[in-house]
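Trainee: Quick note on our numbering: the sequence shown kicks off at 262 and runs consecutively. Yeah, the Cβ is synthetic: ideal placement off N, Cα and C, and Gly gets one too. None of these values were measured; they are calculated from a predicted model.
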Amino acid sequence: MAISKQQARSVKHAVLAGEEQLSTTLDATTTVHTFELTGPAQKVTVQSSGDLAYTVEYSCNGSTFFGSTAVTAGTPLSYSTHIVSVVKVTRTAGSGKVSLLGV
262 MAISKQQARS
272 VKHAVLAGEE
282 QLSTTLDATT
292 TVHTFELTGP
302 AQKVTVQSSG
312 DLAYTVEYSC
322 NGSTFFGSTA
332 VTAGTPLSYS
342 THIVSVVKVT
352 RTAGSGKVSL
362 LGV
């Protein structure tokens, strides 16, 4: 059975483009958040709003974390040394929303 070019170009199901944008709010109630990406990312960038200061850790398997880095409020941080699938953010001071972009 042959299909036309028009049919081949139409998307019939959801397609993951390999890019992801996630965010969560950290405050005195919620101090740790673990972002589980839908697929492995070769580059991850995090940035907070408000006066939120935090640490970021990365993992391939979700149980062993590495690369702990302290981040000051509002400063973006990018990580691209290893491919990761889980990113853990731990609030150290303040409150606000932390956003993650993964590619």
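Could you please give the first and the last residue of the uninterrupted beta strand (DSSP E) stretch that includes Pro-337?
Mentor: Segment: none, Pro-337 is in no beta strand (DSSP E) and carries neither H nor E.
Trainee: Out of curiosity, what's the CA-to-CA distance linking Phe-320 and Val-305?
Mentor: It is Ser, not Phe, that sits at residue 320 in the sequence shown. Cα-Cα distance, rounded: 12 Å.
Trainee: Hey, Leu-338 and Val-317: beta-carbon distance below 8 Å or not?
Mentor: Closer than 8 Å, so yes.
Trainee: Taking 7 Å as the limit between beta carbons, can you name the residues of its chain near Val-276, skipping five residues before and five after?
Mentor: Since pLDDT at Val-276 reaches only 48, below the 50 mark, its modelled position is unreliable, and no value is offered.
Trainee: Sort Thr-285, Gly-357, Glu-280, Val-307 by Cα distance to Thr-336 and report the nearest one.
Mentor: Nearest option by C-alpha distance: Val-307.
Trainee: Distance check for Asn-322 and Ile-344, CA to CA, integer angstroms please.
Mentor: In a straight line, the C-alpha of Ile-344 is about 11 Å away from that of Asn-322.
Trainee: Near Ser-284, which residues of its chain fall below 6 Å by C-beta distance, leaving aside the five closest residues on each side in sequence?
Mentor: Once the five neighbours on either side are set aside, the close Cβ partners of Ser-284 are Lys-358, Ser-360.
Trainee: Can you look up Lys-304 in the DSSP assignment and give me helix, strand or coil?
Mentor: Looking at Lys-304 - three-state DSSP - the assignment turns out to be coil, as it is neither helix nor strand.
Trainee: Alpha carbon to alpha carbon, how far is Thr-325 from Phe-296?
Mentor: Approximately 14 Å between the Cα atoms of the pair.
Trainee: Just the Cα atoms here: how many angstroms apart are Lys-349 and Val-293?
Mentor: Their Cα atoms are separated by approximately 7 Å.
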